[in-house]
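Numbers in our numbering are just positions in the first sequence, counted from 1, shifted up by 5. By construction, the Cβ of each residue, glycine as well, lies at the ideal position given by its N, Cα and C atoms.
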Amino acid sequence: MEYNFRDIEKKCQEWWSSNKVYKVSNESPRPKYYVLDMFPYPSGAGLHVGHPLGYIASDIYSRFKRLKGYNVLHPMGYDAFGLPAEQYAIEHGIHPRISTESNINNFRKQLDNIGFSYDWDREVRTCDPKYYKWTQWIFLQLYKSFYNRNTNKAESIEKLVSAFEQEGNTGHICPGDNAIQFSAAEWKGFDEKTKQGILMQYRLAYCGYGEVNWCEALGTVLANDEVVNGVSERGGHPVVKKKLRQWYLRITEYADRLLDGLDRVDFSESMKEMQTNWIGKSSGAEIDFKIVSRELSVVSKGSSSSHSPLTTHHPLRVYTTRPDTIFGVDFMVIAPEHELVKELITDVHRAEVEKYLDYVNSRSERERMAEKKISGVFTGTHCIHPFSGREIPIWISGYVLIGYGTGAIMAVPCGDQRDFLFATHFHIPITNIIGSYYNGEEANPTKEAILENSDFINGMVMKDAIEVVLNKMDEMGIGERKVNYKMRDAAFSRQRYWGEPFPITWKNGVAYALDESILPLELPHMDDIRPGKDGEGPLSNKEEWLNSPSFGGGRGEATTMPGYAGSSWYFLRYMDPHNDKEFCSRKASDYWGQVDLYIGGTEHAVGHLLYSRMWTKVLYDLRLIGHDEPYKRLVHQGMIQGNSRFVYRLNSSSDYDSTGQLKKNLKRQLFLSYNILKRDCLESDNGKKIALAANKVFENFYPDVNEYDVYDPGYSEIRIDVNMVDGVELNIEEFRKWRNGEYKDAILICEDGSVSLPTGEGQGGAYICGSEVEKMSKSKFNTVNPDDLVYKYGADTFRMYEMFLGPVEMSKPWDTKGIEGVHRFLKKLWRLFFKETNSPSSGGGQGEAVWTNETPSDTELKILHKTIKKIEEDTERFSFNTGVSTFMICVNELIDLKCHKKEILEPLLILLAPYAPHIAEELWHALGNTTTIIDASFPKWEEKYIKETSKAYPVAINGKTRTELTIALDATQQQVEEIVLKNATVQKWLEGNPPKKIIYVKNKMINVVV
RNA sequence: GCCCGGGUGGCGGAACUGGUAGACGCACUGGACUCAAAAUCCAGCGGUAGCAAUACUGUAUCGGUUCGAUUCCGAUCCCGGGCACCA
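Right, dumping it as structure tokens:
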């Protein structure tokens, strides 16, 4: 009987499904274990082989845990709101609800193919009103809460209001604007609008204003990566910064707790580092520098007229983490968006500054950060050093960002490399305050130097001087100590249609929460999803909805929530997915608790993973759940990159029309095999030769063609579908059929110089393609669809091959070649149970079973128990690739021993069941079992079967292995030395001299030092 | 630019805590079986020299620590991910 994977897999999947084997209960005597995959967005392109990598890993682990006796929750659902569906709707006129639904169905079909153990009864979709009802509900809890810095947790805004009524805001500094101060009496005197305005500055979900990339032509806001060189990627329209009213989440209030929480979770160190850096906590000070009037600056440039009074009353406030370097300040730098810029420009410098500001404005934030070129401009204005009284020039440069600190820095070139480069570039003299620590060639950021040229802190070690300067600053009242975070509050509004509507109503410019009882506030249907006016979302075009009774006489909010709203809490909904009274019952969340294992890509490191941690903390503070970190353990999944393939077409002068555009529907095209191109066109100046050769081809086969007289040695690199390439060898027949025969007339010059012609004539050589590793995407023709592989080799082969590719957490390029090896392994396994017959028609019955009930030998038991041990270890540490190798080794060894014994094979099947569930289930039943292998119990390995008494030690001379000696494991150092010295190879290397030293590491190696 | 990863044969990778570099698989080469093909089986397979035993060399590059370094430390180069409206 053959290994007929298609029938077996279909049969198993149907059997599992009708027996509801994956149904998970919230009540079980077994310990719980929660395995979660990162929420997928159901894109229109469907699954490619990169997506299931993490899903297969988590599925193996879930099944493994189940065999180990756990009640395992392993759910799946869809993060179904998002921009691509909306974009698709704009371009193709298909409503997001429709396209999303069909994408989900497609996704589901693809997932089902692979045989995952999801409990589909718990599926959630963020765009389902039954789901987003609770997203909106949680948003309202955020809106109705503030962060009490005294108790360090979120509390009800009511509580804040009663505090205001009793003592004003003295006990609660305003996080939105710490200048706001009022007494109880003042609070009571405020009108409704003022009160609400103040409360808004405290709420965890609040409305404010923020700058976005605005593209007038597209009428929409763009992401940074959609802006290239100051214009939109789509269409090349101008993009400007625009201030829009936006909702925000006050995640900055949770900065410290998000940092502290990292100590209590099992994330990789790199992940913790990324989050720590993102939060970017630093402590330092904000220091005020008095600004000298613009007239003074002009005067100081040579004129002798007297000083005018100051025209600027605001000081320049800078943020620094290094107050100890204050005497090393040689200039100030402010961000181009700084509010003082206008006031600081002097007439002399105006033109230059404005030119610079225009330049900066044309750059996206990303480009500004990646800028290598040093750029900046002097404002013409100076400020006064608060301690030395020195005049310091104020510059503007894009390397200072408005969003961080105060948007202004004091530049210390001897201690900061960017300041140093700036000073050098603009010939600003550098003050050295760290003596020999500064070499004049680069900055030295040390804190250990002894200060010089530093007035009252001269002679101090820098790190000790920090406190001294801060004290002096306090004394003089010229600044304040400040803890700063790089992290900013999270923008929570999108000027989009396909997202959750805000349960908010606007009355007199004040935002009020809708009553929870009316939730869900459903997203209205719109046929035409166009942006609204002035940067309002598409919903602003739907007046009848904005003014509908749902909003209780007020007006609805036209922005919608971002993609991460629904994904910030979905792990809780899986625990209690059908509850229509609560987002998740406390009983369910207490039972399942944290996600024990979370698998997903590092691309979510600082977005989703921080937001969902924050939401969890808020829900915990409000006593809605009992844990404040969502994920106990996080494992990364590497990206599977695409492996693109190229063909190379020679350009002919006649390929172009009069405007220089490549002609469409070129009749005859000449392609060169990769190495011919490299050798003859690129590495030597043989373009002409190629042209001649090409002409020969045409002369021979198309004597009537003379338009190809002259070939230009240039060539075009054309991406082709990787699925018609075997390794790097092009399937020429398929290539001719590709894209409705676009290349049916191609003439290919193959690797050996032979030619393939459209007529089918040719000498049958191989055309070799070029290749490049890049992102897997449909537009690059490098996607590989799992469905095709599952069809060809089966789900079990596919699962094991994905794992066999390498460590889960590593990125790697996809290569279908190699899948045969894994498939062969499963066939070998099959042959341990059944004799393969040549006629496929003999299937149907049980075929000829070859497994026996004989008693296994010690050698066989040793193989089994070694395998159990290794599989258990490898699975536990997510080393699935070595796990697959272990199975291969085991099966190879059993075949060598011709072992077909049930006592060995049966436990082996259980080990294999998480990796290749279908074949394991099938053979499990073939051995006479009637229940599912999914509920078997994982075998235990026993020391007695695998114990070794001796080891073949590598014997090294000076660290270099020269020979091998088998020695008893319990040998002593002395015994080993005796045996080693007697060895001929060792004696040869000793050349009669006594050894200096013999290193013997038990169970590892022996090294003789000569 | 900043933060985080990664770099080992022709290819994917293994070597888990500093201890035999290249497990396992692919590709390739040679052989067996077959009328033939497929399937299967056997053998070889980092580089250089050698009939061979063996020697030298080799884990991106350069340097260091160590009896011993793919593994630890320092510097450099290259590739990937993220950088706040893609998800």
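For residue i, which residues does DSSP report across the bridge?
i     : result
M1010 : V1006
E396  : I389
K248  : E216
Q674  : A751
V40   : L602
V236  : V233 and P243
G289  : K487
I723  : V652
R638  : D271
W511  : A516 and R560
I854  : The sequence shown places Ala at residue 854, rather than the Ile named in the question. Per DSSP, F839.
Look at the alpha carbon of residue i and the alpha carbon of residue j, and state the distance between them as a whole number of angstroms.
i     : j    : result
T326  : V405 : 15 Å
W283  : K491 : 7 Å
V715  : K780 : For V715, the predicted structure reports a pLDDT of 44, less than 50, and the residue's modelled location is therefore unreliable. A value from the coordinates is still provided. Their Cα atoms are separated by approximately 37 Å.
M276  : A610 : 7 Å
I256  : T621 : 12 Å
L301  : G394 : In this predicted model, L301 has a pLDDT of only 46, less than 50, meaning its place in the structure is not dependable enough to derive any value.
E485  : H319 : 16 Å
T935  : Y920 : 21 Å
L910  : K867 : 13 Å
L869  : M279 : 42 Å
E447  : Y409 : 25 Å
S784  : Y324 : 46 Å
W819  : D469 : 54 Å
Y83   : I604 : 15 Å
E372  : I407 : 15 Å
E396  : H387 : 6 Å
N1008 : T968 : 16 Å
L223  : Y93  : 15 Å
V77   : P959 : 45 Å
P763  : S721 : 20 Å
N843  : E853 : Interpretation of N843 is limited by its pLDDT of 47, a score under 50 that renders its predicted location unreliable; the figure taken from the coordinates is listed afterwards. Distance between the alpha carbons of N843 and E853: 12 Å.
S573  : S594 : 15 Å
I915  : L639 : 26 Å
N745  : S942 : 54 Å
With DSSP collapsed to three states, give me the class of residue i.
i    : result
S776 : strand
W219 : strand
C212 : strand
G333 : helix
S150 : strand
P944 : coil
W597 : helix
G647 : strand
E485 : strand
K35  : For clarity, residue 35 is Arg in the given sequence; the question names Lys instead. Three-state DSSP puts R35 in coil, outside helix and strand.
L321 : strand
E2   : No information on residue 2 is available, as it lies outside the stretch 6 to 1015 that the chain covers here.
E712 : Per-residue confidence for E712 stands at a pLDDT of 46, beneath the threshold of 50, marking its modelled position as unreliable; the derived number appears in the next sentence. Three-state result, E712: coil.
L315 : Residue placement at L315 is flagged as unreliable, the pLDDT there being 46, under the threshold of 50; the coordinate-derived value follows with that caveat. Correct three-state label for L315: coil.
E859 : coil
L456 : coil
R882 : coil
S107 : helix
Are three or more beta carbon pairs between the stretch 85-102 and the stretch 150-159 nearer than 8 Å? Segments in contact, no.
Is it a yes or a no for the stretch 871-889 touching the stretch 64-76, going by three-plus beta-carbon pairs under 8 Å? Yes, the stretch 871-889 touches the stretch 64-76.
So within the stretch 153-209, which uninterrupted beta strand (DSSP E) runs reach at least 3 residues, ignoring any that extend past its ends? If you keep only unbroken beta strand (DSSP E) runs of at least 3 residues inside the stretch 153-209, you get 158-161.
Does the stretch 183-193 come close enough to the stretch 243-253 to have 3 or more Cβ pairs within less than 8 Å? Not touching, per the Cβ criterion.
Which parts of the stretch 413-446 are runs of the beta strand (DSSP E), unbroken and 3 residues or longer, counting only runs that do not cross its ends? The stretch 413-446 contains these whole beta strand (DSSP E) runs: 413-416.
Would the stretch 786-797 and the stretch 36-45 be scored as touching if the rule is three or more Cβ pairs under 8 Å? With fewer than three CB-CB distances shorter than 8 Å, the stretch 786-797 does not count as touching the stretch 36-45.
To test your reading of the DSSP string, which unbroken beta strand (DSSP E) runs of 3 or more residues are found completely within the stretch 781-842? Within the stretch 781-842, no complete beta strand (DSSP E) segment of 3 residues or longer occurs.
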